[in-house]
Each structure stands twice: as structure tokens, then as C-alpha cells.
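Sequence order for the protein chains is A and B.
Heads up, the first sequence is in the working numbering, so the first residue is 1 and it goes up one at a time.
Heads up, the second sequence is in the working numbering, so the first residue is 575 and it goes up one at a time.
C-beta atoms are modelled at their ideal positions from N, C-alpha and C, and glycine is treated no differently.
For clarity, every value in this text was computed on a predicted model and none was experimentally measured.
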Amino acid sequence: MAVNRNFRTCPSTGLVYHEPAEKLIRWNAVAGVVSLLVGGVLALLVTLTRWPAVKLLPPDWFYLVLTAHGLDMLVFWIIFFEIAVLYFAASTLLKCRLATPKVAWVAFWLMIVGAITNNIAVFKGDSSVMFTSYVPMGAHPLFYLGFILFAVGALVACFVFFGTLVVGKAEKTYNGSIPLVTFGAVTAAIIAVFTIAAGAIILIPTFLWSVGLVSHIDSLMYRTVWWAFGHSSQQINVAAHVSVWYAIAAIVFGAKPMSEKVSRGAFVLYILFLQLASAHHLLADPGLTSNWKIFNTSYAMYLAVLASMVHGLTVPGAIEVAQRGKGFNKGLFEWLRKAPWGNPCFSGMFMSLVGFGFLGGISGVMMGTEQLNLIIHNTIYVPGHFHATVVVGTTLAFMALTYFLIPTLFRRELMFPGMAKWQTYVYGLGMMGFSVFMMGAGTLGVPRRHWDMAFSGAALPHEFPGAAYLMMGLMAVSGVLATVGGAMYLVNTVGSVFFGKKIVTPDFKRVPVREGMAPARPPEPAVAPAGHGAIGAGGFVAPGTFVLAMVFLTSFVLYYFVNWKYLSTVWPLK
Amino acid sequence: MSAIEPPAQRVWWKQPLDRVEGTWIVIAFAWCMVMFFMMPYWHVYGKQNLSNEAYRSSPEAFLAKAQAMVDKHTVRTVTEQNIPVVHPVPGADVYLVARLWQWWPVLELEEGQTYRLHIMSTDWLHGFSLQPENINIQVHPGYEHVVTLTPTKEGTYSIICNEYCGINHHTMASKLYVVKPKKS
Ligand code: HEM
Ligand SMILES: [Cu+2]
Ligand SMILES: [Cu+2]
Numbered sequence: 001m002a003v004n005r006n007f008r009t010c011p012s013t014g015l016v017y018h019e020p021a022e023k024l025i026r027w028n029a030v031a032g033v034v035s036l037l038v039g040g041v042l043a044l045l046v047t048l049t050r051w052p053a054v055k056l057l058p059p060d061w062f063y064l065v066l067t068a069h070g071l072d073m074l075v076f077w078i079i080f081f082e083i084a085v086l087y088f089a090a091s092t093l094l095k096c097r098l099a100t101p102k103v104a105w106v107a108f109w110l111m112i113v114g115a116i117t118n119n120i121a122v123f124k125g126d127s128s129v130m131f132t133s134y135v136p137m138g139a140h141p142l143f144y145l146g147f148i149l150f151a152v153g154a155l156v157a158c159f160v161f162f163g164t165l166v167v168g169k170a171e172k173t174y175n176g177s178i179p180l181v182t183f184g185a186v187t188a189a190i191i192a193v194f195t196i197a198a199g200a201i202i203l204i205p206t207f208l209w210s211v212g213l214v215s216h217i218d219s220l221m222y223r224t225v226w227w228a229f230g231h232s233s234q235q236i237n238v239a240a241h242v243s244v245w246y247a248i249a250a251i252v253f254g255a256k257p258m259s260e261k262v263s264r265g266a267f268v269l270y271i272l273f274l275q276l277a278s279a280h281h282l283l284a285d286p287g288l289t290s291n292w293k294i295f296n297t298s299y300a301m302y303l304a305v306l307a308s309m310v311h312g313l314t315v316p317g318a319i320e321v322a323q324r325g326k327g328f329n330k331g332l333f334e335w336l337r338k339a340p341w342g343n344p345c346f347s348g349m350f351m352s353l354v355g356f357g358f359l360g361g362i363s364g365v366m367m368g369t370e371q372l373n374l375i376i377h378n379t380i381y382v383p384g385h386f387h388a389t390v391v392v393g394t395t396l397a398f399m400a401l402t403y404f405l406i407p408t409l410f411r412r413e414l415m416f417p418g419m420a421k422w423q424t425y426v427y428g429l430g431m432m433g434f435s436v437f438m439m440g441a442g443t444l445g446v447p448r449r450h451w452d453m454a455f456s457g458a459a460l461p462h463e464f465p466g467a468a469y470l471m472m473g474l475m476a477v478s479g480v481l482a483t484v485g486g487a488m489y490l491v492n493t494v495g496s497v498f499f500g501k502k503i504v505t506p507d508f509k510r511v512p513v514r515e516g517m518a519p520a521r522p523p524e525p526a527v528a529p530a531g532h533g534a535i536g537a538g539g540f541v542a543p544g545t546f547v548l549a550m551v552f553l554t555s556f557v558l559y560y561f562v563n564w565k566y567l568s569t570v571w572p573l574k
Numbered sequence: 575m576s577a578i579e580p581p582a583q584r585v586w587w588k589q590p591l592d593r594v595e596g597t598w599i600v601i602a603f604a605w606c607m608v609m610f611f612m613m614p615y616w617h618v619y620g621k622q623n624l625s626n627e628a629y630r631s632s633p634e635a636f637l638a639k640a641q642a643m644v645d646k647h648t649v650r651t652v653t654e655q656n657i658p659v660v661h662p663v664p665g666a667d668v669y670l671v672a673r674l675w676q677w678w679p680v681l682e683l684e685e686g687q688t689y690r691l692h693i694m695s696t697d698w699l700h701g702f703s704l705q706p707e708n709i710n711i712q713v714h715p716g717y718e719h720v721v722t723l724t725p726t727k728e729g730t731y732s733i734i735c736n737e738y739c740g741i742n743h744h745t746m747a748s749k750l751y752v753v754k755p756k757k758s
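In C-alpha cells form, the structure reads like this:
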């Protein structure tokens, strides 16, 4: 059987695309964006229902739509797009043919069938169990089956990714070590394999339970194993969007990692320290000891948090070094002021970085502290936190990357470049506001996944203070703003991909390549690798970034201890 | 050259650390250790720690204990459904049943007294959320969780459910009364 080894070189970026890989990247990205579209419509419905002044949907529809929103966004949008990123990081960045495209198509269709099956189960109306589907509340068997099919597809796709790395190595398509971005993608894929294994351990028995073959599933066991899956999958997202940050820094600025050693080391910490950190979802549960909780929520050292703090420094640090190298060397922040703020690729990535760190990171570590979780658990603070991580962090980073992919991967011009400039701001700032107001409401006790904070129909209703209603109203307004930003993205991407002006390259052709693609490597420099030379100040190559990092740390410390202070005022318990 | 290409230096691991990175790693690591030590520290010196005491139980057994308490210590009833309000002896074991879609019974506790509150669900997962204190505890079926708590201030508090438990989740709310200790 002949292997398709046809490649094309993108004239604007110099990137090399393997024909079958290119098609798969496109289709996975498109499937992701379609999920985002569905999830986005649902987001608007959920938001308008949680807006106390609007209260759009009746309760049964609210819970149905909320279940579907969680799944279509967190699972289907994110993972389809991640598979596209994996193929890109392996095939395109290594200039390597994709291993077994046929198998990759099987993976794709499994994921599609799984996603559709799962959505059908939810929209039938008897599976409004939220994406966490905690037992003993049960869903229709198709709900679990769809989820499982999707996960199997994603697992197969991960193996295609690993296979491609093997092909690249064997066919010597690159010299030396794999690029940092590919390394980050490897991290994501390794975590994905662990994640899906945990998912199988919990979802397969639950499926059997739903069809009556297993008689009982313990609710605490379920939550423990489910979160080994649910939490690790968030680590996939972090590894993926951090890789995208590095990629965009490289694409927009030609930024080179400050030090490969540090950045790669930080990725390895993700693998080593986050696999089983489901513990922070169980801090308010009975039947587990404090020792278990404390150890597993932090592994005694919070090294995964450390890893994110390192990336949070090295990504902007790399940009600063690149910018200073180009002469933007004045003062602490000229490099940042003179950054291309009108380029959605950059602005989206930078907001993703800042929002993920300041809002998502700080709130996450705070509420992942054993005792502090008591004043946060299951309040709407929690979705506030994860909309900062997975929407401002992951989704915005992926949106930013799309603006780069449309011309190079789809060979189309952006239909509305002016709108693209604004889109990342509308979406990013809207979502940041949304998260902050959710956190505010959560601090006042408003529960998550709750149809009516006024408790209509309850015999003994609780009355929330006016401030809580105000927070929820502001949350909804920002949420609507973010939805507008999301719509701007969708109109632009869908419009450009299907109807955008084609970028035609004269005498375009695909070149079949037999053996490796990489040109011979220039001889090694005789000198040992050195640091970055004489830019920056005070012996720091990236002083501006360092100052930003210290601002971050100060906010972190203050916020962390404010919450301890607040905890110390609630009723004593033991 | 850049992050999307193989590292230019084949022996990239020999490149010395920039000072900015090294400094930050040390600071960030120190902060991570502080955050870790806060948790054991609070177990020793703090007053708000979630109890580790939990027992496996069955709905029948748990309901029986709650019923015994209700039979003995009910002081009045509230609402049209005549939900009993129980005023247990300070220091006693107190039972709170979580079930679709109700907290049962209503409790009346004394300020400054310590109680052993047993919470369990008899059906699905629920979330004990005491407002406006904002103390939140997951409630499982089959796990009888014993939380020792001390109300500090008289007043009318609410217990709401903050774990999604089906269509009437939003009606699962109740009261907890805290009164001044009776002069005896
Ligand atoms: C414009 C964008 C978005 C808006 C306005 C929005 C709004 C909301 C709202 C109001 C909730 C309900 C919170 C509650 O009642 O508990 C929610 C839940 C959720 N959202 Fe979003 N969302 C958006 C985008 C996203 C994206 C992009 C993702 C994932 C990548 C996402 C993931 C989730 C998840 C996982 C839940 C929790 C569902 C559950 O509790 O089961 N959202 N969202
Ligand atoms: Cu409930
Ligand atoms: Cu509930």
C-alpha cells in the first residue's frame, strides 16, 4: 500500500503540511467549532436563566441545557480542538507525515458519533444529570455510551499522535530534540491517556449500572474516580493551552524559550504531579481523612502549581527577550507597550495568560486548600473559577490560534479582520467580568447549578442579600457580552473558512517526499550555549516580566490570606 | 530557533539558567511550601476543620435515629407541612436527614453550645450549605458524617442544598434557629 507522502509548504509561514494530516486538522477543528457554536447558544440560555431579572427557562429545560452546555463546551469543543492541535504539533511542526491517517479518521468518526449520541441522550430529556453524572442519579444508557465512544476515539487519536512522533524520529524529519510546543503536546497526550483510562474505569461500570448489569455504585467511590478523570482532563487543557501560548509567542515575535530546560521541566511536573489530584474536588466530602486530602491536593509541595507559575513567567519572559532584542529596550515595559495589540493572535493569547493566572490560578489554588474549600464548595464561585481557566485560559488561547490557522491551514483570508481585532477583547474582558462576578456571588453563598436563588415554591426559603442579586445580574450582563464576543468569533471563522477569499499561490503543488524533510543541520556552535547577553536590567534579561510576576505573587498572597481571615470568622467546626 | 522548531542548541540542557528564572523559581517554590504548611497548621491552631468522622449507614438506620430524636425533643412545628422543630440538649448528637427535596427536621440550637451534627442523605447526593455563614459540606447517601459545630451567634439561618439533586433542587431549603441558652 502506497503511503501518501504529499506535502505542501505554506508560502506565508513556511510551515509544512502533510496532505492527510492537513485534512484531519481541519476537520477536527471544524468539529470543535461546531460544538462551540452549540455550546454557545446553550450558554446564552443558561445565562439568561440565571439572571434573576430574566429567568428565561423553566427548571427542567434549565437543567437539560446546563448539562448539554457543560458537555458540548468542556468535552466536545475543547477535545476536538485539542486533537487538531496534537496533529499540528506532531505532523506540521516535525515536518513529518501523520502516522496511519485511516486510523485517525476512525478516531474522528468515533468522536463524532459519541458526541452526537451523548447530545441525543441529553436532549431526549431523561439525562439531565450534569456532565459529572454523579450516581445514584442516573442517565439514559446512551448518555454514558456516547461519552465512552467519544473517549475511545480521543484515545485512538492520541495514539496516532504518538505514532507520528515515532515516524518523525525514524524518518529523521527533524534534528535534535522535538520543539518545545511539541513537547507540551506530548505532555497533554500522556496526561490524556491516563485521563481516559480513569474515565473508562468509572464510566464503563456506570454504563453497565444504567442498563441493570451492575446493582450498586458507591457515590463516594464514583466521585473519587470520576474526578481522577475530570481533573486530569483539565490538566490536558492546561498543557495544551500553555503550548499554544509558546507557539503564539514564537509565531508573532519569533520568541525563543528563555531556557528549554526550565520550560520542559515545568511540563514534566504536570505529568508527575497532577495525575491523581482529584482530591481537591473531595475536600468537603465525608469518609476521607484530612491526611489523605492534604497530601493529595498538594502532593506536599504544589509542584504543579509551581509549574504553571513558571510558565506564567517564561512565556511573557520569552516575549520580552525577543522584543528587547528588536530594540524595544526602554524602561521596564516598552516591550509590552509596543506589542501588536491589534493582532488578535497576540491579544487573545496575552489575555488568556493574564486571565488564567490572575483569576483562574489564584482562585483555584485558594479553593483547593482543604479548609478554605468549606466556604466555597459547590457555590457559584466554582464555575467562576473554571470559566476563568477553561474559557479565558483555554478557549481564548484556542481562539487566538485560530486567527493564525485560517490563512495558513485553510488558505483563506479572514472575512472580517476589523472584527477580529475587537473579538478577543470583547470575549476576554466579558468572560473575565463574568468570572469575577460569579466568584463574588459565590462568596455570598449563591449555589451553582441552581434554577432559582429565590427558592420559589420552597416551604422555608432562604433570602439572599441584595448584593448577591446584584452580582448575579452583573454576571449575566458580562456573560451576554462574552456571548457576543463568541458570536463574533464564530461568524468570522465559519464565514472565512467557507466563504473567505481563497489565498491562491501561483504554481502551488504538493511535493511527494520520500525520506526526511529537514535540511542538514548547521554545525554546532563551538562555544558552549550561553545566556541572553546584555539586554534587560539588574542582571535580569526580562525585568518587566519579573515585575509583573511579583505583582501576581502579591495579589496571590493577599487574596489567599484574606480568605483564611474570612474562614476564621465562621462557626467553629471539627 | 523558536518554540515551534527544534532547539537550536543540541545540548540545550547545558544552557545556564537566567537569573530571572532562577529567582522566580525559588520564590514561587517558597510560596508553594507556605501554602502547603497552612493546611496542617490550621488543623493545629485553626478552629474550622472539617471532621473526619464518618460511618457507613443505611437510610433505615439513620432515619430511625433521627425519628428518635424528633420524638423526644420536638418543641413545635413549622409550615403547613408541620415540619418538627427540634431543640436538642446542648452537646448532644443531632441528626439531619437530607432527602428529595427536604432537610428534616428543623433544628434549634443554642448559641455557644457544641453539637455533634450527623448528616446523611437517604437518596441522592445533596449539598449542605449553611447561609449566610457559607459553610458547605457534601452529603452522600450511606455515609453518616458527624460534624462537631458550635453556633456562635443567635439568629435564623438557612440550610440550602447546593448539590444538584433533580428538578426541585431549588426548593430544598430549610432553617436552622440559633437561640440564646435557656437560663435554668
Ligand atoms: C460566552 C461564553 C459562556 C457563558 C456566558 C457561559 C455561561 C455559563 C453559565 C451561566 C453556567 C451555569 C453556572 C451554574 O449555574 O452552575 C455555565 C456552566 C458551565 N460552563 Fe459555561 N459559559 C460560557 C462558555 C463556556 C465554555 C467555553 C466552556 C468550556 C470550555 C464552559 C464550560 C462550562 C461548564 C463545564 C459548566 C458547568 C456545568 C455544570 O455545572 O454541570 N462554558 N456556563
Ligand atoms: Cu438536594
Ligand atoms: Cu440539590
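#1: Measuring alpha carbon to alpha carbon, tell me which residue in L180/A, F161/A and G138/A is nearest Y738/B.
#2: Quick one: is Y669/B near chain A, going by C-beta distance under 8 Å?
#3: Pull up the distance between the alpha-carbon of E370/A and that of A307/A, whole angstroms please.
#4: Of the residues that make up the stretch 299-310 of chain A, which ones have a beta carbon closer than 8 Å to any beta carbon in chain B?
#5: Pull up the DSSP beta-bridge partners for L704/B, would you.
#6: Taking C-alpha atoms, which residue in G70/A, W105/A, V426/A and W564/A lies nearest to S35/A?
#7: How many angstroms separate the CA atom of V152/A from the CA atom of V166/A?
#8: Please list the partners that T726/B has in chain A, where partner means a Cβ-to-Cβ separation under 8 Å.
#9: Do you know offhand how far F131/A's Cα is from E334/A's?
#10: Would you give the residue range spanned by the alpha helix (DSSP H) that E718/B belongs to?
#11: Which residues does DSSP pair with V30/A in a beta bridge?
#12: For S127/A, which residues of its own chain have a beta-carbon under 6 Å away from its beta-carbon, when the five flanking residues on both sides are left out?
#13: Here's the rule: buried if 16 or more other CB atoms are within 10 angstroms of the residue's CB, otherwise exposed. What is I201/A?
#14: Output the residues surrounding ligand 2, defined as those with a CB atom closer than 5 Å to any ligand heavy atom, in chain order.
#15: For N291/A, count neighbouring C-beta atoms within 10 Å of its own C-beta (all shown protein chains included) and say buried if the count is 16 or more, exposed if not.
#16: Taking 8 Å as the threshold (beta carbon to beta carbon), is H69/A in contact with chain B?
#17: With a cut-off of 8 Å, do at least 3 Cβ pairs link the stretch 330-347 of chain A to the stretch 254-271 of chain A?
#18: So the candidates are G596/B, P581/B and W616/B; which of them puts its Cα closest to the Cα of I294/A?
#19: Whose CA, out of G168/A, E413/A, V3/A and L56/A, lies closest to the CA of I503/A?
#20: Which residues in chain A have a C-beta closer than 9 Å to the C-beta of T651/B? List them in chain order.
#21: Sorted by chain position, which residues of the same chain lie with C-beta nearer than 7 Å to L332/A's C-beta, five sequence neighbours on each side aside?
#22: List the residues of chain B whose Cβ lies closer than 9 Å to the Cβ of V262/A, in chain order.
#23: Secondary structure at T569/A, three-state DSSP: helix, strand or coil?
#24: With DSSP run on the structure shown, which of helix, strand or coil describes V186/A?
#25: Using a Cβ-Cβ cut-off of less than 9 Å, give me the residues of the stretch 708-723 of chain B that come near chain A, in sequence order.
#26: Please determine, among Y469/A, L86/A and A170/A, the residue with the shortest C-alpha to C-alpha distance to I236/A.
#27: With DSSP collapsed to three states, give me the class of W698/B.
#28: Going by the CB atoms, is the gap between P706/B and G445/A shorter than 8 Å?
#29: Could you tell me whether the Cβ atoms of D645/B and L674/B are closer together than 8 Å?
#30: Give the interface partners of S631/B over in chain A, defined as CB-CB distance under 8 Å, in chain order.
#31: So what does DSSP say about A526/A, is it helix, strand or coil?
#32: For I657/B, does the three-state DSSP call read helix, strand or coil?
#33: Against E22/A, what residues of chain B qualify as contacts under a CB-to-CB distance less than 8 Å, listed in chain order?
#34: What is the DSSP secondary structure of A520/A, reduced to helix, strand or coil?
#35: Is the CB-CB distance between V513/A and R5/A below 8 Å?
#36: Pick out whichever of R510/A, K172/A, A189/A and K169/A has its Cα sitting closest to the Cα of L155/A.
The short version:
#1: G138/A
#2: no
#3: 21 Å
#4: A300, M301, Y302, L303, V305, L306, M309 and V310
#5: I709/B and I733/B
#6: The shortest C-alpha separation from S35/A is found at G70/A.
#7: 21 Å
#8: W571 and P572
#9: 45 Å
#10: No alpha helix (DSSP H) contains E718/B, which is instead part of the beta strand (DSSP E) from Y717 to L723.
#11: Per DSSP, none; premise fails for V30/A.
#12: A121, A139, H140 and F143
#13: So I201/A ends up on the exposed side.
#14: H700/B, C735/B, C739/B and M746/B
#15: exposed
#16: no
#17: No contact exists between the stretch 330-347 of chain A and the stretch 254-271 of chain A.
#18: W616/B
#19: For I503/A, the nearest C-alpha among the options comes from E413/A.
#20: None at all; the shortest Cβ gap to chain A is about 11 Å.
#21: P543, G544 and V547
#22: Proximity of chain B to V262/A at the Cβ level (cut-off 9 Å) is accounted for by L591, D592, E595, G596 and I599, in chain order.
#23: DSSP places T569/A in coil when its eight states are reduced to three.
#24: DSSP places V186/A in the helix class (H, G or I) of the three-state scheme.
#25: N708, I709, N710, I711, Q712, V713, H714, P715, G716, Y717, E718, H719, V720, V721, T722 and L723
#26: L86/A
#27: coil
#28: Yes, the pair counts as a contact, with Cβ atoms nearer than the cut-off.
#29: 8 Å or more divides the Cβ of D645/B from the Cβ of L674/B.
#30: Near S631/B there are no residues of chain A at all, since even the closest Cβ is about 11 Å away, more than 8 Å.
#31: Reliability of the predicted coordinates at A526/A is poor, the pLDDT of 48 falling under 50, and no value is obtained from them.
#32: strand
#33: Under the 8 Å cutoff, chain B gives no residues; its nearest Cβ is about 16 Å from E22/A.
#34: Confidence at A520/A is low in this model, with a pLDDT of 49, below 50, so the placement of that residue should be treated as unreliable; the coordinate-derived value is given next. Coil at A520/A, not helix or strand.
#35: yes
#36: When the alpha-carbon of L155/A is set against those of R510/A, K172/A, A189/A and K169/A, the nearest one is in A189/A.
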